[in-house]
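>
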Amino acid sequence: MQTGSQRLAGKRALITGGNTGIGRAVALAFAAEGADVAIAWIDREPEARSLVAEVEALGRRALALRCDVTVEADVVAAFGAVATSWGGIDIVVSNAGIQRPQPITEMTLDDWGRMMSVHLRGSFLVGREAARHMIPAKQGRIITVCSQLGYIGRENYTAYSTAKGGVIAFTRALAKELAPHGILVNGVSPGLVDTGFDPLSEDVKAAHAASLPLKRLGTPEDMTPAFVFLASEEARYYCGQLLHPNGGEIMP
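Heads up: the sequence shown runs through residues 106 to 357, numbered per my numbering.
(1) Among ASN261, TYR262 and PRO350, which residue has its Cα nearest to the Cα of ASP299?
(2) Is it true that the CB of SER199 sits closer than 8 Å to the CB of GLY232?
(3) Give me the residue from VAL187, GLU326 and GLY292 with the minimum Cα distance to SER228.
(4) Check whether the Cβ atoms of GLY353 and LEU322 sit closer than 8 Å, and answer yes or no.
(5) Taking Cβ to Cβ, would you say GLU234 is nearer than 8 Å to VAL180?
(6) My guess is that ALA143 and LEU168 are in contact by the Cβ rule of under 8 Å, so how many angstroms apart are they, rounded?
(7) Need the endpoints of the beta strand (DSSP E) that ASP141 sits in, please.
(8) How big is the Cα-Cα spacing for ILE355 and LEU254?
(9) Put ILE127 into one of helix, strand or coil per three-state DSSP.
(10) Does the segment 190–206 come close enough to the segment 115–131 that 3 or more CB-CB pairs lie under 8 Å?
(11) Please report the straight-line C-alpha distance between VAL157 and ALA186, rounded to a whole angstrom.
(12) Over the uninterrupted alpha helix (DSSP H) stretch that includes THR189, give me the two end residues.
(13) Can you tell me the Cα-Cα spacing of MET328 and ILE127, whole angstroms?
(14) Give the list of continuous beta strand (DSSP E) stretches no shorter than 3 residues that lie fully inside the segment 194–270.
(15) With DSSP as the reference, identify every bridge partner of LEU289, one or two as the case may be.
(16) If you reduce the DSSP assignment to three classes, tell me which class ARG277 lands in.
(17) For ARG149, does the three-state DSSP call read helix, strand or coil?
(18) Note down, in chain order, each residue of its chain lying with its Cβ closer than 6 Å to the Cβ of GLY271, except the 5 sequence neighbours on either side.
(19) Tell me, to the nearest whole angstrom, how far the beta carbon of ALA201 is from that of VAL176; I am working on the premise that it is less than 8 Å.
(20) Would a C-beta distance cut-off of 8 Å place ARG171 and ILE147 closer than the cut-off?
(21) Can you tell me whether ILE257 is buried or exposed, with buried defined as 16 or more other CB within 10 angstroms of its CB?
(22) Leaving out five residues before and five after LYS320 in sequence, what residues of the same chain have Cβ atoms less than 7 Å from its Cβ?
(23) Please check the pair THR212 and ALA264, which I expect to be a contact at CB under 8 Å, by giving their CB distance rounded to whole angstroms.
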């Protein structure tokens, strides 16, 4: 069956970190709007397989591809699999990420390096492969997942905040480079989202929710309209922009 307004009818999307949290919600929202969805995952394989079934139940094609975004061969292979299976890629959501609160005095060089690798090396590899596939087609959408912490920082999140700040800069630079090729690069910068996989206690989440103008945390489904919009023709004049579904915590 088909649902939604079909704003992405016939489009082919690849979502990294696509089997849980925001990625999963975006995959289902894209499928509801008519897109075929490839889900790149690194762990929780059962969730990836069940998501494939859910996308197919919406009448769209789906793939589940194991992919470590820090490994060049994995990223190249994932893009190749989508292009071979479906003849091309129209939308890429660079969503894979990790989060670990940690005092800087306890942080090792490996801890720092892992955060930078997943977010910055991963963004580079995914963005590069997206560009290689989209430039010949003279069209495409790349959506990065940033964070409000890339703007404001947070105690015990120095590595994560720094990495996401780098993703914001990468998004803007890549947007300028690829716009002449008909490829629009934009980002979504969520606030704290209750995905069920974050490392925060319920007390911390409740306190954060109370501090927001909207008095609640975001859900993955609160994020999806921004992704659908940026992937659609409605966003044809958006280039290097970030949308901020954050409950009003920051108002850039």
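Virtual Cβ for every residue (Gly too), placed ideally from N, Cα, C. Since we're looking at a predicted model, the values are computed, not measured.
Looking at the coordinates:
(1) Residue numbering aside, residue 299 sits at position 194 when the sequence shown is read from its first letter. Minimum Cα distance to ASP299 is reached at PRO350.
(2) Locating residue 232 in the sequence shown gives position 127, counting from the first residue. Locating residue 199 in the sequence shown gives position 94, counting from the first residue. Contact: yes.
(3) Taking the sequence shown and counting its residues from 1, the one referred to as residue 228 is at position 123. Comparing Cα positions, the closest option is GLY292.
(4) Position 248 of the sequence shown, counted from the start, is the residue given in the question as residue 353. Position 217 of the sequence shown, counted from the start, is the residue given in the question as residue 322. Not in contact: GLY353 and LEU322 (Cβ atoms no closer than 8 Å).
(5) Along the sequence shown, one-based indexing puts residue 234 at 129. Along the sequence shown, one-based indexing puts residue 180 at 75. Their beta carbons are under 8 Å apart, which means GLU234 touches VAL180 by this criterion.
(6) As a first step, residue 143 is located in the sequence shown; it is residue number 38 there, counting from the start. As a first step, residue 168 is located in the sequence shown; it is residue number 63 there, counting from the start. ALA143 to LEU168, Cβ: 4 Å. Contact.
(7) Translated into positions along the sequence shown, residue 141 becomes position 36. Its beta strand (DSSP E) spans residues 141–146.
(8) Stepping through the sequence shown from its first residue, residue 355 is reached at position 250. Stepping through the sequence shown from its first residue, residue 254 is reached at position 149. In a straight line, the C-alpha of ILE355 is about 10 Å away from that of LEU254.
(9) The count along the sequence shown starts at 1 and reaches residue 127 at position 22. Three-state result, ILE127: helix.
(10) yes
(11) Mapped onto the sequence shown, residue 157 falls at position 52. Mapped onto the sequence shown, residue 186 falls at position 81. Taking the straight line joining both Cα atoms gives about 15 Å.
(12) Within the sequence shown, the letter at position 84 stands for residue 189. Note, THR189: alpha helix (DSSP H), 177–191.
(13) Walking along the sequence shown from the start, residue 328 turns up at place 223. Walking along the sequence shown from the start, residue 127 turns up at place 22. MET328 and ILE127: Cα-Cα distance of roughly 7 Å.
(14) 196–199 and 245–250
(15) Your numbering for residue 289 matches position 184 in the sequence shown. Beta-bridge pairing links LEU289 to ARG246.
(16) Counting from one through the sequence shown, the residue named residue 277 turns up at place 172. ARG277: helix per DSSP, three-state reduction.
(17) Against the sequence shown, residue 149 aligns to sequence position 44. The answer is coil: DSSP assigns ARG149 none of H, G, I, E or B.
(18) As a position in the sequence shown, residue 271 is number 166, starting the count at 1. Excluding residues within five positions, the ones whose Cβ falls inside 6 Å are LEU225.
(19) To locate residue 201, count along the sequence shown from 1; it is residue 96. To locate residue 176, count along the sequence shown from 1; it is residue 71. The Cβ separation is near 11 Å, so there is no contact.
(20) In the sequence shown, the residue the question calls residue 171 occupies position 66. In the sequence shown, the residue the question calls residue 147 occupies position 42. Yes, the pair counts as a contact, with Cβ atoms nearer than the cut-off.
(21) Taking the sequence shown and counting its residues from 1, the one referred to as residue 257 is at position 152. Classification of ILE257: exposed, given that the 10 Å Cβ count is below 16.
(22) Position 215 of the sequence shown, counting from 1, holds the residue named residue 320. Taken in chain order, the residues that qualify are ALA314.
(23) The residue labelled residue 212 in the question sits at position 107 within the sequence shown. The residue labelled residue 264 in the question sits at position 159 within the sequence shown. The residue asked about is misnamed: residue 212 is Met in this sequence, not Thr. Yes, they are in contact, since the Cβ atoms of MET212 and ALA264 sit about 7 Å apart, within 8 Å.
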